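*Asks:* Heads up, the sequence shown is in my numbering, so the first residue is 1 and it goes up one at a time.
Shown below is the structure under consideration.
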Amino acid sequence: MSNALCERLGIEFPIFAFTHCRDVVVAVSKAGGIGVLGAVGFSPEQLKEELDWIDEHIGDKPYGVDIVIPQKYEGMGSMSAEEMEKELWKMVPQEHLDFAQKLLADAGVPAWPDGTTTMGLMGWTDATATPLLEEALTRPQCVMIANALGTPPADKIKLVQNSGRLIGALCGRVKQAVAHKEAGLDFVVAQGGEGGGHAGDVGSVVLWPQIVDAIGDTPMLAAGGIGNGRQIAAAMAMGAAGAWTGSLWLTVEEAHVEEAQRQSLLNASSEDTIRSRSWTGKTCRMLKSEWTDAWDRADTPEPLGMPLQGMVTSDGMRRTHTYAGVGDCQSVAFNPCGQVIGQINEMESCRSVMFRLLDEYVDAVEKAGSMLPKV
Ligand SMILES: Cc1cc2nc3c(=O)[nH]c(=O)nc-3n(C[C@H](O)[C@H](O)[C@H](O)COP(=O)(O)O)c2cc1C
Numbered sequence: 001m002s003n004a005l006c007e008r009l010g011i012e013f014p015i016f017a018f019t020h021c022r023d024v025v026v027a028v029s030k031a032g033g034i035g036v037l038g039a040v041g042f043s044p045e046q047l048k049e050e051l052d053w054i055d056e057h058i059g060d061k062p063y064g065v066d067i068v069i070p071q072k073y074e075g076m077g078s079m080s081a082e083e084m085e086k087e088l089w090k091m092v093p094q095e096h097l098d099f100a101q102k103l104l105a106d107a108g109v110p111a112w113p114d115g116t117t118t119m120g121l122m123g124w125t126d127a128t129a130t131p132l133l134e135e136a137l138t139r140p141q142c143v144m145i146a147n148a149l150g151t152p153p154a155d156k157i158k159l160v161q162n163s164g165r166l167i168g169a170l171c172g173r174v175k176q177a178v179a180h181k182e183a184g185l186d187f188v189v190a191q192g193g194e195g196g197g198h199a200g201d202v203g204s205v206v207l208w209p210q211i212v213d214a215i216g217d218t219p220m221l222a223a224g225g226i227g228n229g230r231q232i233a234a235a236m237a238m239g240a241a242g243a244w245t246g247s248l249w250l251t252v253e254e255a256h257v258e259e260a261q262r263q264s265l266l267n268a269s270s271e272d273t274i275r276s277r278s279w280t281g282k283t284c285r286m287l288k289s290e291w292t293d294a295w296d297r298a299d300t301p302e303p304l305g306m307p308l309q310g311m312v313t314s315d316g317m318r319r320t321h322t323y324a325g326v327g328d329c330q331s332v333a334f335n336p337c338g339q340v341i342g343q344i345n346e347m348e349s350c351r352s353v354m355f356r357l358l359d360e361y362v363d364a365v366e367k368a369g370s371m372l373p374k375v
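Shown next as structure tokens:
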């Protein structure tokens with residue numbers, strides 16, 4: 001299953017695991033794939049701690065870091081992070097803050113211990129993502145950077161490539177993939193609309209081959225809907241250079257997740273997910289809930305743009321994750337995941353997921369090969 005991209009990254013199998021959990025990064029990289037740590041929710045200080053831990057535990061294996069610099073967002077410009085946050089708060093209606101807090105209180109989700117009701121701007125802008133990127137680039141074993149939600153700015157592409165690392169970005173449309181290639185990115189992650197987190201509306205089986213055709217020799221990593229080796233075989237048959245997975249790692253043994261949240265995910269069917277703007281301001285696939293319903297009604301506030309909606313809801317993200325099993329928390333919890341969650345029904349270790357994917361992949365390829373006429 002190895003290919004040129006594997007050789008370039010120093011990995012055995014082109015299986016990429018996007019995760020917010022450092023233990024998953026380490027376990028997947030040790031099992032021959034590559035863990036990619038999602039950095040958007042960390043402050044630069046927290047990211048430093050996470051990367052210190054990864055460096056201590058990962059041995060000689062490589063890993064990646066994912067940041068979020070959207071193509072477009074409210075308040076875009078050259079302000080410092082502090083100035084921007086001040087300006088952005090002026091654009092947040094009190095009605096939205098009150099509505100979010102009421103939904104959490106009605107579901108019995110405990111308040112945050114220090115009484116704060118927001119985590120602030122987080123890493124959702126160029127200004128706040130840059131210190132995260134700079135921290136990642138101090139780590140020799142961080143061999144790749146990925147960006148969500150748009151082509152990274154030219155100075156960031158140069159910075160990463162000049163450091164000898166690869167940089168790529170996610171996309172859900174052919175024209176975004178072409179823009180990534182034209183900007184000189186080293187790889188493109190093509191995420192179909194069934195994928196977890198921010199997702200467009202074109203399905204993977206339609207999107208992947210179109211993007212492969214459009215970007216030629218730039219490697220395409222297939223994302224959205226991969227939970228077993230048969231799905232990896234399908235992606236590779238369509239020209240993918242690897243499988244980029246997210247939902248698969250939400251419920252593994254190594255994931256730091258409260259039991260109630262893990263159970264919500266394990267019990268969910270594919271039909272239980274929805275694309276909603278209610279948490280981040282951009283369409284994000286997640287478990288449907290009273291929260292997603294509430295923000296969708298005609299008589300309730302319209303979700304704001306990114307990053308304003310995230311400033312309103314960040315308190316809900318941390319509270320519903322921390323107090324996942326308290327009160328009726330799961331009815332309003334932030335549970336981003338893709339439709340593939342319907343085929344993830346039991347907790348596995350990262351190592352056993354990796355072995356399973358490889359076994360299933362080989363079986364699927366052999367089965368397809370056996371249908372060829374014998375010469
Ligand atoms: C909980 C969750 C959070 C995500 N957050 C990010 C993110 O911060 N940055 C990013 O590039 N992709 C993010 N994604 C998307 C994943 O990188 C990946 O493309 C997606 O999960 C693939 O689809 P799948 O869920 O069907 O495997 C997230 C996905 C999930 C499930």
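Beta carbons are placed, not taken as given, at the ideal position from N, Cα and C, and that holds for glycine.
Only a predicted model underlies this, so the values are computations on that prediction, with no experimental measurement involved.
#1: For the segment 179-199 against the segment 145-158, are there 3 or more C-beta pairs whose distance is under 8 Å?
#2: Closer than 6 Å: is that where the CB of Cys171 sits relative to any heavy atom of ligand 1?
#3: Using the Cα positions of Ile211 and Gly325, report the straight-line distance between them to the nearest angstrom.
#4: Following the continuous alpha helix (DSSP H) through Ser204, name the residue where it begins and the one where it ends.
#5: Please report how far the alpha carbon of Thr117 lies from the alpha carbon of Gln141, in whole angstroms.
#6: In its own chain, which residues sit with a C-beta less than 8 Å from the C-beta of Asp315, not counting the 5 before and 5 after it?
#7: Where does His256 land, buried or exposed, given buried means 16+ other C-beta within 10 angstroms?
#8: Does the Cβ of Phe99 lie closer than 6 Å to at least one heavy atom of ligand 1?
#9: Consult DSSP for Pro336 and reduce its assignment to one of helix, strand or coil.
#10: Quick one: what's got a C-beta closer than 7 Å to Ala129's C-beta in the same chain, skipping five residues either side?
#11: Mind checking Asn147: buried by the 16 CB within 10 Å criterion, or exposed?
#12: Please indicate yes or no: does the CB of Gln309 lie closer than 6 Å to some heavy atom of ligand 1?
#13: Ends of the beta strand (DSSP E) at Thr245?
#14: Give every residue of the same chain whose Cβ lies closer than 8 Å to the Cβ of Ala107, excluding the five residues on either side of it in the sequence, and list them in chain order.
#15: Take Ala233 and list the residues in its own chain whose beta-carbon comes closer than 6 Å to its own, dropping the five residues that flank it on each side.
#16: Mind listing, in chain order, the continuous alpha helix (DSSP H) runs of no fewer than 4 residues lying wholly within the segment 280-358?
#17: So the alpha helix (DSSP H) Gln101 belongs to, where does it begin and stop?
#18: Taking contact to mean 3 or more Cβ pairs, one atom from each stretch, closer than 8 Å, check whether the segment 299-318 and the segment 216-235 are in contact.
#19: With distances taken Cα to Cα, identify the nearest neighbour of Phe16 among Leu47, Leu170 and Ala81.
#20: Using DSSP bridges, identify the partner residues of Phe187.
#21: How about Gly38 and His20: are their beta carbons less than 7 Å apart?
#22: For a test of the three-state rule: what should DSSP assign to Leu159, helix, strand or coil?
#23: Would you call the segment 347-358 and the segment 287-307 touching, i.e. three or more CB-CB distances under 8 Å?
#24: Would you report the Cα separation of Gln161 and Ile167, rounded to the nearest angstrom?
#25: Going by beta-carbon coordinates alone, are Met222 and Ala243 separated by less than 7 Å?
#26: At which residues does the beta strand (DSSP E) containing Cys142 begin and terminate?
#27: Gly164: buried (16+ other C-beta within 10 angstroms of its C-beta) or exposed?
#28: For Asp66, name the three-state secondary structure that DSSP assigns.
*Replies:* Working from what's here:
#1: Touching, yes.
#2: Shortest gap from the CB of Cys171 to any heavy atom of ligand 1: 6 Å or more.
#3: Whole-angstrom Cα-Cα distance: 41 Å.
#4: Per DSSP, the continuous alpha helix (DSSP H) segment holding Ser204 begins and ends at Ser204 to Ile215.
#5: Between the alpha carbons of Thr117 and Gln141 lies a gap of roughly 36 Å.
#6: Taken in chain order, the residues that qualify are Ala100, Gln101, Leu104, Trp112, Thr116, Thr117, Thr118 and Met119.
#7: His256 comes out exposed.
#8: Checking every heavy atom of ligand 1 against the Cβ of Phe99, none is found closer than 6 Å.
#9: Judged by DSSP in its simplified three-state form, Pro336 adopts strand.
#10: Excluding residues within five positions, the ones whose Cβ falls inside 7 Å are Ile67, Val68, Ile69 and Gly123.
#11: Result: buried.
#12: With a cutoff of 6 Å, Gln309 does not count as near ligand 1, since its C-beta is closer than that to no heavy atom of the ligand.
#13: It spans Gly242 to Thr245 - the beta strand (DSSP E) in which Thr245 sits, taken as one unbroken run.
#14: Same-chain partners within the cutoff: Glu290, Gly327, Asp328, Cys329, Ser331 and Val332.
#15: Here the set comprises Tyr361, Ala364 and Val365.
#16: For the segment 280-358, whole alpha helix (DSSP H) runs of length 4 or above, ordered along the chain, are 290-296 and 308-322.
#17: Residues Gln94 to Asp106.
#18: In short, these stretches do not touch, since the Cβ pair count stays below three.
#19: Comparing Cα-Cα distances from Phe16 to each of Leu47, Leu170 and Ala81, the minimum goes to Leu170.
#20: Phe187 pairs with Gly168.
#21: Note that the C-beta distance between Gly38 and His20 is below 7 Å.
#22: Reduced to three states, the DSSP call for Leu159 is helix.
#23: Taking a cut-off of 8 Å on C-beta distances, the segment 347-358 does not touch the segment 287-307, as fewer than three cross pairs fall below it.
#24: Rounded to whole angstroms, Gln161 to Ile167 spans 7 Å at the Cα level.
#25: Going by the sequence as given, residue 222 is Ala instead of Met. The answer is yes: Cβ separation under 7 Å.
#26: Residues Cys142 to Ala148.
#27: Classification of Gly164: exposed, given that the 10 Å Cβ count is below 16.
#28: Asp66: strand per DSSP, three-state reduction.
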